[in-house]
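Asker:
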Amino acid sequence: MKRREFSKSIVLFGLGAQTGLEPTIGRASEKQQSYYEEPAKKLPARKFDVVVAGGGTAGIFAAMAAARHGAKTMLIESKGYCGGVAVEGGTAIHSFYNLYTGFENCTKRKVVQGIPAEFMDRLTEMGGATGYPEMETGRDYDAVCTAVDTELYKLLAFRMLKEAGVFIAVNTMLADAIMDGGRLKGVITESRSGREAVMADSFVDSTGYGDLCSHAGAQYQVPNDYDSCNSFGFANASIDDYYEFLKSNDAVGQVCRGPRSSEDNKFVRMGAEQLNIPGLMDEARKIGLSLVTTTVRDNYLMYIKCNYKVPGTVIDRDDMAQAEVEIRSRMEKAAGLLRKYVPGFEKAFIARTSPAMVIRRGRQIVCEYDITHEDVINGRHFEDDTFVYGFHDSAPRFQIKDGGTYGIPYRALCVKGVDNLYATGMMITSDRRAHMSTRNTVSCMGQGQAAGTAAALCAKKKIGSRDLKYADLRTQLLKGKVYFES
Ligand SMILES: Cc1cc2nc3c(=O)[nH]c(=O)nc-3n(C[C@H](O)[C@H](O)[C@H](O)COP(=O)(O)OP(=O)(O)OC[C@H]3O[C@@H](n4cnc5c(N)ncnc54)[C@H](O)[C@@H]3O)c2cc1C
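When the count follows the numbering used here, it moves up by one through the sequence shown with no breaks and lands on 475 for the last residue.
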């Protein structure tokens, strides 16, 4: 079957037919012409209370929360460090605060607290984050700019996971699920030590891609509605020079000042607006080069992004392999353009790239509740809120009513059809407009704390996620300093 016909058949018979969205699903294995039957094999097995798959933006907070609640917790992360897209892709961490600037009489509030805020405060103390400086110009809704030192972030993630007593399995791939009807019994991992079975009572999927949910047979769609990206760190390039360049072209957009290389009141975020240099802009557009950057270090731009809409889907190995090849040549072109056009950047070079392309959405997992656009913009709260959030990436077009917050209900994290599995991070929320809020880093972190806490409570009581009493969860979240105000 040709690829186009294959995709079409999924739209007709898959979940997309029910939802009206147009998913495209293509797994390398399903395109195979021939097969090999793997012989059965006895695997070494371990037992934990809670398994968290994926040690990224949401996953580290899920694992810390579960372990702090006394659960014997294993964190499975395919890379050699933790942090995920927060240390690989984005330009800033959005946002611990509500969007207060666009509303009269609206107070600025730190609406995401708990373990994520504890983490960010510790990182700031270490000199690894800007804290919460306010934007001066540019996107006026984008009121706070929290930028991080990616390496100190990774270090602190390990430190806090260890302090909580999490068993950290990095360089380990979550490869399969062991099911018992609608209940997840365990997972299969792959590492240089071989394949292992890991049994547990409760599970959290924080893989971004929804790998565990997919292995567990959960329903999902692949909306394919965002650009993917690789971003690079540009050394020998000063944000002060970038500012002078934009100023001389009357194109200064976003500006934020904060602590940089231990000095206060320095530029930490800079973006171009209506930059009219045809040679640069035409080429930049062709390679998806974004002209917004963030940094916490002198002579180093942390993130220069090249966006790229992956032809096919981001869950197809072969589509992604081609995209990885393409994006590296785009990044080299981007570096060349910046060297050529920005005075002071002549000797700049790519000092870091993400180990793999980062995605804004892979599988969208069907959960017990799907947060809607109306829920977000109307600032809706639910009887099973697990925390609140107040940022929207599409502001000022879409903002939360009166600069307040909306709730992330417990049901939005419970994977439909699987008794003891939570989904967190970019894989929840089908409506793209609502997802433009829920997918942001600090929302993912809050989801992590909520799901990890719930998983620990369920594991202790040996119950499924639907049998957990909300009052018990709420009590523990409050003890974990989670904020709930509307
Ligand atoms: C280019 C880009 C720019 C962005 N800019 C911003 C921004 O400025 N501000 C903002 O707030 N948000 C931004 N976002 C959104 C935000 O960063 C992400 O939505 C969020 O970080 C996703 O978190 P997550 O926990 O769902 O996934 P991730 O952080 O990707 O975590 C998933 C983790 O799981 C691991 N993993 C995956 N599969 C497996 C497996 N099978 N086995 C083991 N481990 C596995 C991965 O290695 C990773 O560590 C941006 C996103 C992108 C892509």
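We treat Cβ as the ideally placed atom computed from N, Cα and C, and that holds for glycine. Here the structure is a predicted model, which is why all the values come from computation and not from measurement.
Are residue 221 and residue 341 close, meaning C-beta to C-beta below 8 angstroms?
Answerer: Contact: yes.
Asker: Within the present structure, is the beta-carbon of residue 83 separated from the nearest heavy atom of ligand 1 by less than 7 angstroms?
Answerer: Indeed, a heavy atom of ligand 1 lies less than 7 angstroms from the Cβ.
Asker: Taking DSSP as the reference, what is the three-state secondary structure of residue 255?
Answerer: Residue 255: strand per DSSP, three-state reduction.
Asker: What is the DSSP secondary structure of residue 217, counted as helix, strand or coil?
Answerer: If DSSP states are grouped into helix, strand and coil, residue 217 belongs with the strands.
Asker: Alpha carbons only, please: which of 348, 160, 229 is nearest the one belonging to residue 287?
Answerer: Selected option, being the one with the closest Cα: 229.
Asker: Exposed or buried, what is residue 68 when buried is set at 16 or more other beta-carbons lying within 10 Å of its beta-carbon?
Answerer: It counts as buried.
Asker: Relative to the alpha-carbon of residue 112, which residue among 147, 91, 79 has its alpha-carbon at the smallest distance?
Answerer: Among 147, 91, 79, the Cα nearest to that of residue 112 belongs to 147.
Asker: Is residue 36 near ligand 3, in the sense that its beta carbon is under 7 angstroms from a heavy atom of that ligand?
Answerer: No copy of ligand 3 appears in this structure; the ligands present are ligand 1.
Asker: In whole angstroms, give me the CA-to-CA distance for residue 258 and residue 252.
Answerer: Their backbone Cα atoms lie some 15 angstroms apart in a straight line.
Asker: Could you tell me which residues DSSP puts in a beta bridge with residue 226?
Answerer: DSSP, once it has assigned bridges, lists no residue as partnering residue 226.
Asker: Report whether the distance from the Cβ of residue 218 to the nearest heavy atom of ligand 1 is below 7 angstroms.
Answerer: Checking every heavy atom of ligand 1 against the Cβ of residue 218, one is found closer than 7 angstroms.
Asker: Could you tell me if the beta carbon of residue 200 falls within a distance shorter than 7 angstroms of some heavy atom in ligand 1?
Answerer: It does: the Cβ of residue 200 is within 7 angstroms (strictly closer) of some heavy atom of ligand 1.
Asker: For residue 159, which residues in the same chain have their Cβ closer than 6 angstroms to its Cβ, ignoring the five residues on either side in sequence?
Answerer: 66, 69.
Asker: Any chance the CB of residue 426 is under 7 angstroms from a heavy atom of ligand 1?
Answerer: Not under cutoff, so the answer is no.
Asker: Can you tell which of 412, 379, 61, 176 has the C-alpha that lies nearest to the C-alpha of residue 423?
Answerer: It is 379 whose Cα lies nearest to the Cα of residue 423.
Asker: In whole angstroms, give me the CA-to-CA distance for residue 39 and residue 140.
Answerer: Distance between the alpha carbons of residue 39 and residue 140 is about 27 angstroms.
Asker: State whether the region 429 to 440 contacts the region 399 to 411, with contact taken as three or more CB pairs (one from each stretch) at a distance under 8 angstroms.
Answerer: The region 429 to 440 vs the region 399 to 411: in contact.
Asker: Can you tell me which of 427, 457, 425, 231 puts its alpha carbon nearest to the alpha carbon of residue 443?
Answerer: Of 427, 457, 425, 231, the residue nearest in Cα terms is 457.
Asker: Can you look up residue 165 in the DSSP assignment and give me helix, strand or coil?
Answerer: The answer is strand: DSSP assigns residue 165 an E or B state.
Asker: Is the region 258 to 277 touching the region 358 to 367, taking contact as three or more C-beta pairs under 8 angstroms?
Answerer: They do not touch, by the three-pair rule.
Asker: Thinking just about the alpha-carbon of each residue, which of 185, 137, 275 is nearest to the one in residue 120?
Answerer: The option with the nearest alpha carbon to residue 120 is 137.
Asker: At a cut-off of 7 angstroms, would you count residue 66 as near ligand 1, judging by its Cβ distance to the nearest heavy atom?
Answerer: Checking every heavy atom of ligand 1 against the Cβ of residue 66, one is found closer than 7 angstroms.
Asker: Within the region 364 to 445, note down every full beta strand (DSSP E) run reaching 3 residues or more, in order along the chain.
Answerer: Counting whole runs of 3 or more residues, the region 364 to 445 contains the beta strand (DSSP E) stretches 374 to 378, 395 to 398, 410 to 412.
Asker: Tell me whether residue 34 is buried or exposed, calling it buried when 16 or more other Cβ atoms sit within 10 Å of its Cβ.
Answerer: Its Cβ having fewer than 16 others within 10 Å, residue 34 is exposed.
Asker: At what residues does the alpha helix (DSSP H) containing residue 311 begin and finish?
Answerer: From DSSP, the alpha helix (DSSP H) with residue 311 extends over 306 to 330.
Asker: Does the separation of the CB atoms of residue 81 and residue 223 fall below 8 angstroms?
Answerer: Not closer than 8 angstroms, so no.
Asker: With a Cβ-Cβ cutoff of 8 angstroms, do residue 212 and residue 57 count as a contact?
Answerer: No, these two residues do not count as a Cβ contact at 8 angstroms.
Asker: With 16 as the cutoff for other CB atoms within 10 Å, does residue 219 come out buried or exposed?
Answerer: Its Cβ being crowded by 16 or more others within 10 Å, residue 219 is buried.
Asker: Determine the closest residue to residue 104 out of 474, 180, 470, with distance taken between C-alpha atoms.
Answerer: It is 470.
Asker: Can you have a look at residue 14 and say buried or exposed, based on whether 16 or more other CB atoms are within 10 angstroms of its CB?
Answerer: Low local confidence applies: a pLDDT of 44 at residue 14 is under 50, so the model's placement there is unreliable, and no value is given.
Asker: With a CB to CB cut of under 8 angstroms and the five nearest residues on each side skipped, what residues in its chain are close to residue 363?
Answerer: Cβ within range, chain order: 369.
Asker: Any idea if residue 302 is buried or exposed, counting beta-carbon neighbours within 10 angstroms, 16 or more meaning buried?
Answerer: Buried.
Asker: Exposed or buried, residue 77, counting other C-beta atoms within 10 Å across all chains shown (16 or more means buried)?
Answerer: It counts as buried.
Asker: Identify whether residue 188 lies in helix, strand or coil by the three-state DSSP scheme.
Answerer: Correct three-state label for residue 188: strand.
Asker: Just the Cα atoms here: how many angstroms apart are residue 348 and residue 475?
Answerer: Their backbone Cα atoms lie some 30 angstroms apart in a straight line.
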